[in-house]
Amino acid sequence: MTTPIQSRSLLLFLVLALAPGAAGAQSAGPSSNLNELGPALDSIFAGFDATTMPGCAVGVDSGGEAVPLLRAWGMSDLEHGTANRPGTIFEAGSVSKQFTAAALLLLEQDGALSLDDDIRDHVPELPDLGEVITLRHLMTHTSGLRDWGSVAAIAGTGRGARTHTHDHVVDILSRQSALNFPPGDQYSYSNSGYNLMAVVVERTSGQSFASFSHDRIFEPLDLVDTHWRDDYRRLVPGRATAHSPAGQSPDGRPVFRINQPIEDVHGNGGLLTTVADLLTWNRALASGSLGDHVTREMHRQGILNSGDTITYAGGLMVGEMDGLPAVTHTGATAGYRAYLGRFPDQEVSVALLCNVTSANPGNLGQAVARRALRLVAADEVEAAQERVREAARAREEARTTEEAGEEPEQDPPTPAFSPSTSELREFTGRYYSPDAEVEVEIVLEEDRLVLLRRPADRIGLSPDEDTTDRFTGGLGGLQFHRDADGHVMEFGVSQARVFDLRFHRVPSREPAP
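Pasting the structure below:
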């Protein structure tokens with residue numbers, strides 16, 4: 000069983016007073032030593048520092064500073080030639096989830112609900128699948144619910160293909176005939192839980208989720224540039240446009256496409272904010288500004304039915320970086336990327352927001368955090384890193400000793416699955432999934448199976464050499480199933496956030512007389 004990180008450091012909070020920094024063209028900086036980070040940050044983000052590139056904004060907060068360091072690189076909008084600034088508004092992706100957890104926990108703190116409530120008490124449209132799914136399961140990604148966006152993508156109407164709303168989310172989840180796993184058995188990241196949490200907040204409070212968040216979180220904490228993208232068509236002054244790379248021009252310049260979210264679902268993501276507001280939020284979490292109950296439960300790590308403790312808590316990843324306690328989350332929605340990290344023992348916070356898919360938020364955020372931590376707590380960082388190195392050496396010595404003199408075990412060889420053309424024909428036909436509400440057809444083209452999905456999708460399927468009757472393609476892994484007579488009758492699709500979503504063979508239509 001994993002020892003909960005919170006027992007050592009979760010509630011060692013940052014207690015700081017925030018003084019807003021004035022946004023400049025590229026920087027709004029503090030006095031004293033955080034300003035020394037400037038050259039290091041410029042080096043980290045050098046690849047984004049051009050008028051032909053989208054980029055990022057970064058904020059760094061330290062317990063010894065009255066004003067955080069705020070910097071920005073690259074362009075906010077390539078179409079109009081505007082640059083990113085420290086005060087530019089971005090979308091925070093899944094960093095948004097911690098705000099949704101806070102909203103739900105405020106209602107529990109009010110006595111209006113309990114994390115141990117059955118989700119069907121609040122959203123009775125969901126099917127009874129024989130298992131109780133609690134709000135706590137939703138919050139810690141242990142519910143077993145399929146990710147609604149992944150189900151929609153299997154149907155060909157995924158995120159980015161249509162404007163999804165919370166009504167669509169509830170509708171998709173209401174027709175699922177199975178869970179990925181029994182609630183509490185596993186951890187599996189699923190946006191479904193956080194969209195349902197937003198729905199629960201609305202139904203319990205009688206307010207829209209956006210209004211509740213404004214009244215109970217954003218306004219009290221003075222998050223002046225933070226709100227939800229509950230209507231993607233609404234104009235947002237000062238917002239960066241999201242981009243994705245699209246090759247190069249004939250003269251070698253990078254080319255980008257706009258990659259904006261076109262959905263109204265929020266709670267799983269959809270938070271519009273700035274790096275300064277995210278640092279303010281981190282200070283509020285550290286000081287317990289939303290109340291002891293909210294603070295404690297947001298940092299309480301999930302526990303599986305096995306008794307194992309997982310890293311995920313209330314919209315927060317509670318773990319370590321280089322041996323130092325860390326509370327973090329990354330985010331990615333359309334062309335936006337985000338990272339928010341807090342290092343309680345060193346009183347350091349890092350916020351990162353970017354407007355291009357090529358920005359790796361985890362790598363960039365950790366690179367900034369490592370520079371900041373070395374600046375403000377070099378001795379602690381070195382000691383922690385040495386502990387990590389010692390632990391790694393001990394593990395390697397133990398492994399080497401255990402393996403010394405042992406003959407490696409070998410599994411018996413498994414015959415490769417390599418169906419002939421005639422065998423491939425057994426899989427052809429039309430199949431329908433009631434869970435995804437989509438019909439597909441599998442045809443044989445030049446000795447290869449191709450899955451056809453209306454209106455125009457053609458997805459090649461390749462045999463999985465290691466597993467009989469299994470193919471892989473753009474939908475994920477397709478495992479076919481046969482009846483007692485050996486006839487192929489159905490297949491299940493499995494991918495990262497959907498397990499075994501079934502498609503049943505549709506009887507052939509008789510030709511009209």
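Each residue of the sequence shown is one higher than the last, beginning at 0 in numbering that gives the first Met the number 0. All residues carry an ideal CB built from backbone N, CA and C; glycine is no exception. Since the structure is predicted, the reported quantities are computational estimates derived from the model, not experimental observations.
CA nearest to the CA of residue i, picked from the options
i, options, result
"aspartate 499", "Thr164, Ser210 and Leu144", "Leu144"
"histidine 140", "Gly301, Gly472 and Gly58", "Gly301"
"glycine 266", "Val199, Arg256 and Leu278", "Val199"
"histidine 298", "Thr310, Ser305, Ser288 and Gly306", "Thr310"
"histidine 292", "Arg504, Ser42, Gln108 and Arg84", "Gln108"
"glutamate 422", "Arg370, Gly485, Thr356 and Val380", "Gly485"
"valine 169", "Glu124, Val223 and Ser461", "Glu124"
"proline 85", "Thr308, Leu278, Glu381 and Arg373", "Leu278"
"serine 149", "Gly322, Ala382 and Gly475", "Gly475"
"serine 207", "Leu172, Asp307, Asp229 and Ile153", "Asp229"
"glycine 306", "Asp463, Val264, Pro219 and Gln185", "Gln185"
"aspartate 221", "Gly205, His167 and Ala283", "Ala283"
"arginine 424", "Glu346, Arg135 and Phe479", "Phe479"
Nearest-angstrom Cα separation, counted from residue j out to residue i
i, j, result
"serine 191", "isoleucine 441", "29 angstroms"
"glycine 110", "glutamine 365", "38 angstroms"
"arginine 501", "glycine 472", "16 angstroms"
"isoleucine 216", "alanine 275", "15 angstroms"
"alanine 245", "arginine 252", "11 angstroms"
"glutamate 214", "asparagine 359", "The sequence given here places aspartate at residue 214; glutamate does not occur at that position. Each residue's Cα considered, the two are about 33 angstroms apart."
"arginine 158", "arginine 233", "18 angstroms"
"histidine 163", "leucine 69", "34 angstroms"
"leucine 112", "valine 94", "24 angstroms"
"valine 387", "proline 324", "12 angstroms"
"proline 506", "arginine 447", "22 angstroms"
"valine 375", "valine 66", "15 angstroms"
"leucine 114", "asparagine 34", "43 angstroms"
"aspartate 117", "aspartate 76", "44 angstroms"
"serine 189", "aspartate 146", "5 angstroms"
"arginine 429", "alanine 383", "58 angstroms"
"isoleucine 43", "alanine 368", "11 angstroms"
"isoleucine 88", "valine 223", "11 angstroms"
"glycine 268", "isoleucine 261", "12 angstroms"
"alanine 455", "glycine 318", "45 angstroms"
"isoleucine 132", "alanine 241", "35 angstroms"
"glycine 183", "glycine 205", "30 angstroms"
Pair within 7 angstroms by beta-carbon distance, residue i and residue j
i, j, result
"lysine 96", "glycine 314", "yes"
"glycine 92", "tyrosine 335", "yes"
"tyrosine 193", "threonine 99", "yes"
"leucine 487", "leucine 477", "As written in the sequence, residue 487 is valine, which differs from the leucine given in the question. No; because the gap between Cβ atoms is not below 7 angstroms, this pair is not in contact."
"glycine 155", "arginine 481", "no"
"leucine 104", "threonine 203", "no"
"alanine 101", "asparagine 83", "no"
"methionine 320", "histidine 328", "no"
"leucine 450", "leucine 460", "yes"
"alanine 187", "asparagine 179", "Residue 187 is actually serine in this sequence, not alanine. A contact, by the Cβ cut-off of 7 angstroms."
"threonine 513", "phenylalanine 426", "Outside the shown range of the chain, which is 0 to 512, sits residue 513, and nothing can be said about it."
"arginine 370", "alanine 152", "no"
Buried or exposed by the 16-neighbour rule on C-beta atoms within 10 Å, applied to residue i
i, result
"alanine 495", "exposed"
"asparagine 362", "exposed"
"arginine 341", "buried"
"histidine 79", "exposed"
"valine 497", "buried"
"threonine 225", "buried"
"phenylalanine 490", "buried"
"proline 462", "buried"
"aspartate 120", "exposed"
"aspartate 127", "exposed"
"valine 235", "exposed"
"asparagine 32", "exposed"
"glutamate 64", "buried"
"glycine 54", "buried"
"aspartate 434", "buried"
"serine 212", "buried"
7 angstroms Cβ cutoff, residue i in contact with chain D
i, result
"alanine 102", "No chain D appears in this structure, which consists of one protein chain only."
Residue i CB to nearest heavy atom of the ligand MN below 6 angstroms
i, result
"valine 66", "Ligands in the displayed structure: none, and consequently the ligand MN is not present."
Handout entry: Sufficient close CB pairs (3 or more, under 8 angstroms) joining the region 54–73 to the region 342–355
Key = yes
Handout entry: At least three beta-carbon pairs within less than 8 angstroms, the region 253–263 to the region 194–214
Key = no
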